[in-house]
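Using the UniProt record's numbering, the first residue of the sequence shown is number 1, and each one after it goes up by one.
Ideal Cβ positions, reconstructed from N, Cα and C, are used throughout, including at glycine.
Report on the following structure.
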Amino acid sequence: MNPFKRIRIRLGLTQAEIASEVGKGQSNISHYETGRLNVPTDVAKALVALGKKKGKRVTLADLYGSSPREDK
């Protein structure tokens with residue numbers, strides 16, 4: 001299962017609900033889950049914050065396999 005979808009299910013949210021929470025459209029969420037689009041860093045960070053808000057640990061490593069490099 002795709003990491004984004006795994007996290008969404010763990011948080012107990014629908015695609016529409018998570019889209020609203022991270023500021024994207026439901027179609028973007030669908031594309032992240034199917035791998036048609038890469039998850040941008042801002043969405044990943046919003047997902048981490050959402051996990052914290054819901055009392056669930058979500059890390060960038062959960063989503064990407066390892067933390068993406070930040071621009072310096």
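Cβ shell of residue i (< 8 Å), same chain only, five flanking positions each side left out
i: N15; result: It should be noted that the sequence gives Gln, not Asn, for residue 15. Hits under 8 Å: R8, Q26, I29, S30, E33.
i: A46; result: E21, V22, G23
Nearest to residue i (by Cα), restricted to the options the options
i: Y64; options: K52, R10, K54, V39; result: V39
i: M1; options: L13, G35, G12; result: G35
7 Å Cβ shell around residue i - same chain, five flanking residues per side excluded
i: P3; result: D62, L63
Check whether residue i and residue j have beta carbons under 9 Å apart
i: R10; j: K56; result: yes
i: Y58; j: V43; result: In the sequence as displayed, the identity of residue 58 is Val instead of Tyr. Going by C-beta atoms, V58 is not nearer than 9 Å to V43.
i: I18; j: L50; result: yes
i: K54; j: G12; result: yes
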